[in-house]
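Each step along the sequence shown adds one to the number in the working numbering, with nothing skipped, and position 118 is 757.
Note that CB positions come from ideal geometry on N, CA and C, so glycine has one too.
One structure is given below, encoded as structure tokens.
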Amino acid sequence: MTYRNPFPTVDVLVEVDGKLLWIYRANEPRGWALPGGFVDYGESVETAAIREAREETGMEIELKELLYVYSRPGRDPRQHNLSVVFTATASGTPQAADDATRAELFDLEHPPEEIVFDHREIWEDFLEFRRTQTRPSPMDYLEKHKA
């Protein structure tokens with residue numbers, strides 16, 4: 640029997656001095672994304688989030704909240720990835736590295752234009768969470784993404 644399972648990933652909404660950190664991806668699909676990536680075998684999602692943010696932006700982050708787990712099969716055009724999404728804070732100036740060609744801070748309310756994956760949806764959920772302290776609802780997520 641062959642098993643096909645989703646790949647676990649993490650993404651992080653990093654606030655720096657009232658702005659949000661975005662990276663421009665060096666690999667396909669190219670575009671702006673939240674810092675993040677694949678969870679290594681033997682690694683917790685929390686450790687992966689901190690590592691990926693450091694690798695892509697050079698920043699040391701402090702995780703604050705678990706926003707939601709995004710798992711819709713079509714959210715990543717490459718394969719079925721599920722993402723555990725955290726909020727975090729950091730200070731300093733980001734420096735792009737690893738698979739990010741740019742790492743920049745954008746106004747919280749005005750993200751970059753060319754956003755990949757479902758990161759615009761995650762950003763919208765983050766803004767709602769900041770306003771109301773309410774996380775996405777699993778039933779609302781299912782309803783929103785009905786086939």
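TODO: With a 10 Å radius around its C-beta and 16 neighbouring C-beta atoms as the bar for buried, classify LEU652 as buried or exposed.
DONE: Classification of LEU652: buried, given that the 10 Å Cβ count is 16 or more.
Open item on the list: Rounding to the nearest angstrom, what Cα-Cα distance links ALA729 and GLU694 in this structure?
Closed with: 14 angstroms
TODO: Consult DSSP for ILE689 and reduce its assignment to one of helix, strand or coil.
DONE: ILE689 falls in the helix class under three-state DSSP.
- [ ] Output the distance between the C-alpha atoms of PRO750 and PRO668, rounded to the nearest integer angstrom.
- [x] 18 angstroms
Task: Below-8 angstroms beta-carbon distance, ASP737 vs any chain C residue - done: The question asks about chain C, but that chain is absent: this structure has only one protein chain.
Open item on the list: I need the boundaries of the beta strand (DSSP E) containing TYR642, first residue and last residue.
Closed with: Careful: TYR642 lies outside any beta strand (DSSP E) and carries neither H nor E.
Task: Three-state class that DSSP yields for ARG741 in the structure shown - done: Correct three-state label for ARG741: strand.
Open item on the list: How far does the alpha helix (DSSP H) with ILE662 in it extend, from its first residue to its last?
Closed with: Per DSSP, ILE662 belongs to no alpha helix (DSSP H); it is in the beta strand (DSSP E), 658-664.
TODO: Report all residues from its chain with a CB closer than 7 angstroms to the CB of SER710; omit the five preceding and five following residues, and keep chain order.
DONE: Only residues of its own chain outside the window of five on either side were considered, and among them PRO645 and LEU721 have a CB closer than 7 angstroms to the CB of SER710, listed in chain order.
Task: Range covered by the alpha helix (DSSP H) that runs through LEU766 - done: 758-771
TODO: May I ask you to report which of helix, strand or coil DSSP gives ASP650?
DONE: strand
- [ ] Indicate whether the contact test is met: 3 or more Cβ pairs, each with one atom in the stretch 766-783 and one in the stretch 681-699, closer than 8 angstroms.
- [x] no
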